[in-house]
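Note that my numbering has the sequence shown beginning at 24, numbered continuously upward.
As structure tokens, the structure follows; a few thoughts come after it.
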Amino acid sequence: MTMNVGPGGWVPDSCTLPTAAQPVRVAEFDRFFIDAVRRVDRPGHTRLDLFIDGDSEHLGRDLAARETSCCSFFTFTFEPADDGVAMHIDVPVAHAAVLDALQIRAEGAAR
24 MTMNVGPGGW VPDSCTLPTA AQPVRVAEFD RFFIDAVRRV DRPGHTRLDL
74 FIDGDSEHLG RDLAARETSC CSFFTFTFEP ADDGVAMHID VPVAHAAVLD
124 ALQIRAEGAA R
């Protein structure tokens, strides 16, 4: 698997989102990371947990739904957490590099 090296640097080639729309989606994720993510945890090679404000859950669910429509290998689940909501992101082993890159962006932006 390879990834595009455009502005996001983490969009996998298997993504079906039109190339022109990919920078917009990357920017949406970046804004979500900045505005909503409070803590990032990596409990396993194929799982990333983002702890977000409860008020941002609807944004996270919307972004997750749109992302799985073009990158079906992602699995997003949400559950209550002590300080808001835990947004779990799981991928198959073959896509762990995408999760690595997503983690780097989230950690760089999270408050």
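Beta carbons: idealized from backbone N, C-alpha and C, even for Gly.
Residues of its chain near His68, where Cβ-Cβ distance is below 6 Å and the 5 sequence neighbours each way are ignored: For this step, residue 68 is matched to residue 45 along the sequence shown. Taken in chain order, the residues that qualify are Ala119.
Arg128 to Asp105 span [Cα, whole Å]: On the sequence shown, residue 128 is found 105 positions in, with the first residue counted as 1. On the sequence shown, residue 105 is found 82 positions in, with the first residue counted as 1. Spanning the two alpha carbons is a distance of roughly 24 Å.
Three-state secondary structure assigned by DSSP to Asp113: By one-based count along the sequence shown, residue 113 stands at place 90. In this structure, Asp113 counts as strand in the three-state DSSP scheme.
Residue environment, Asp64, which counts as buried when at least 16 other CB atoms sit within 10 Å: Here residue 64 refers to the residue found at position 41 of the sequence shown. With fewer than 16 other Cβ atoms within 10 Å, it is exposed.
Where the alpha helix (DSSP H) containing Asp106 begins and where it ends: The count along the sequence shown starts at 1 and reaches residue 106 at position 83. That residue, Asp106, is in no alpha helix (DSSP H); it is neither H nor E in DSSP.
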